[in-house]
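Those letters in the sequence shown? Residues 1 to 195, per full-length UniProt numbering, in order. Glycine included, C-beta positions come from ideal geometry on N, C-alpha and C. Keep in mind it's a predicted model, so treat the numbers as computed, not measured.
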Amino acid sequence: MTIHHACQTLQVSRSGFYAYLKRRPSSRHVENEALKEMIKAIFYEHKERYGSVRITQELCRRGMHVNHKRVGRLLHQLGLYAKGSRYNYKYYNRRRSSLTRPNLVNQCFQATGKNKLWLGDLTYIPTQEGILYLSVFIDVYSRKIVGWAMGRRMQDKLVTEAFNQAYDREKPKEGVIVHTDQGSQYTGGTISGPT
C-alpha cells in the first residue's frame, strides 16, 4: 500500500503524515521512558515484591515525586506485576468443618405455595459510619421478606437471627427448603433448625 493510498484511506493529509514522522517525542514521553527505567530498577531490586504504592514511596525517597497511579500505569505498560504476599493469612472459620448440603433447587426458583422455598443471602451496605451487613430470607412464592437481621460484622449469628425471625414469624410446616450460596455463615453448623 502506498503512502498516498494510506493517507486517503485514513483521511489524513500527506503533509500531516510527514510532520508526524518528523515530530520529536514530547517531554512527557521522554520523562516516562526515564521513569520506566527507574521503576524497573526498583522493582527488581526489591525481588519483584513492590507494587505501585511502594515503588512510588521509594521514588519519593530518591527525590522523584510522582503519583502512584502514574507508576501503576507504567508498571502495567512494562508488564510488571508484584508477586503475591509471602505471608500465609489465616481465613475466618478455616479450621471449622463446613457442612455442604445438596442443591435441591437446581436453579429452578419457583414454588407451588407459601413457605415451600426460602432464599437466603448476605449483603453489605456502605454507610457514613462504616459497613453494615444485612442477612435476608425471602419466601419465593410470595416474594416477601420473611426474616432479616443487620449488624456491623458478617458473622454466623447474623444469619441465625434472620433465620429464627423468619421461622418464628412464618411458622412453616415441615419441608421448607432453605437455599443459600453455602457460604461459611450458612454451612458453619449454627443453622440446623429452629431454636
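Residues sharing a beta bridge with residue i, DSSP
| i | result |
| --- | --- |
| alanine 41 | The partner list for alanine 41 (beta bridge, DSSP) is empty, contrary to what the question assumes. |
| glycine 113 | DSSP output for glycine 113 lists no bridge partner at all. |
| serine 135 | Leu122 and Ala149 |
| lysine 144 | Asp139 |
| valine 178 | Trp118 |
| glycine 130 | Thr127 |
Contacts around residue i, its chain only, beta-carbon distance under 7 angstroms, and the 5 residues preceding and following it disregarded
| i | result |
| --- | --- |
| lysine 22 | none |
| arginine 95 | The predicted model places arginine 95 with a pLDDT of 47, which falls under 50 and marks its position as unreliable, so this point remains unresolved. |
| serine 13 | Cys7 |
| threonine 9 | none |
| proline 70 | Reading the sequence as shown, one finds arginine at residue 70 and not proline. Cβ neighbours of arginine 70 beyond the five flanking positions: none. |
Own chain, CB closer than 6 angstroms to residue i, minus 5 neighbours either side, in chain order
| i | result |
| --- | --- |
| arginine 17 | Residue identity differs from the one stated: residue 17 is phenylalanine in this sequence, not arginine. Closer than 6 angstroms at Cβ, skipping near neighbours: Cys7. |
| lysine 47 | none |
| glycine 63 | none |
| alanine 111 | Leu117, Val140 and Tyr141 |
| isoleucine 138 | Leu119 and Ile145 |
Residues near residue i by beta carbon distance below 8 angstroms, same chain, minus five either side
| i | result |
| --- | --- |
| tyrosine 50 | Ile42, Phe43, Glu58 and Ala82 |
| lysine 40 | Leu78 and Leu80 |
| histidine 29 | none |
| threonine 2 | none |
| histidine 11 | Before going on, a small fix: residue 11 reads as glutamine here, not histidine. Excluding positions up to five away in sequence, the list is empty. |
| histidine 4 | Arg14 |
| arginine 152 | Gly130, Ile131, Leu132 and Tyr133 |
8 angstroms Cβ cutoff met for residue i and residue j
| i | j | result |
| --- | --- | --- |
| arginine 114 | tyrosine 141 | The amino acid at residue 114 is misidentified as arginine; the sequence shows lysine. Against a cut-off of 8 angstroms, the Cβ pair of tyrosine 141 and lysine 114 comes out as a contact. |
| alanine 162 | tryptophan 118 | no |
| asparagine 53 | histidine 65 | Here residue 53 turns out to be valine, not asparagine, going by the sequence shown. No, these two residues do not count as a Cβ contact at 8 angstroms. |
| methionine 150 | leucine 122 | no |
Beta-carbon separation (whole angstroms), residue i vs residue j, contact threshold 8 angstroms
| i | j | result |
| --- | --- | --- |
| residue 207 | valine 136 | Since the first and last residues shown for the chain are 1 and 195, residue 207 lies out of range. |
Any non-hydrogen atom of the ligand ADP within 7 angstroms of residue i CB
| i | result |
| --- | --- |
| valine 159 | Only the bare structure without any ligand can be found here, which leaves the ligand ADP out of the picture. |
is_contact[residue i, chain C] using C-beta, thresh 8 angstroms
| i | result |
| --- | --- |
| glutamate 45 | The structure shown has no chain C; it contains just one protein chain. |
- [ ] Count the CB pairs spanning the stretch 57-66 and the stretch 12-29 that are closer than 8 angstroms, and state whether there are at least three.
- [x] no
- [ ] Assess, as a yes-or-no matter, whether the stretch 72-83 is touched by the stretch 24-39 under the definition of 3 or more beta carbon pairs within less than 8 angstroms.
- [x] yes
- [ ] Check whether the stretch 169-178 touches the stretch 127-135, taking contact to mean three or more Cβ pairs, one atom from each stretch, closer than 8 angstroms.
- [x] no
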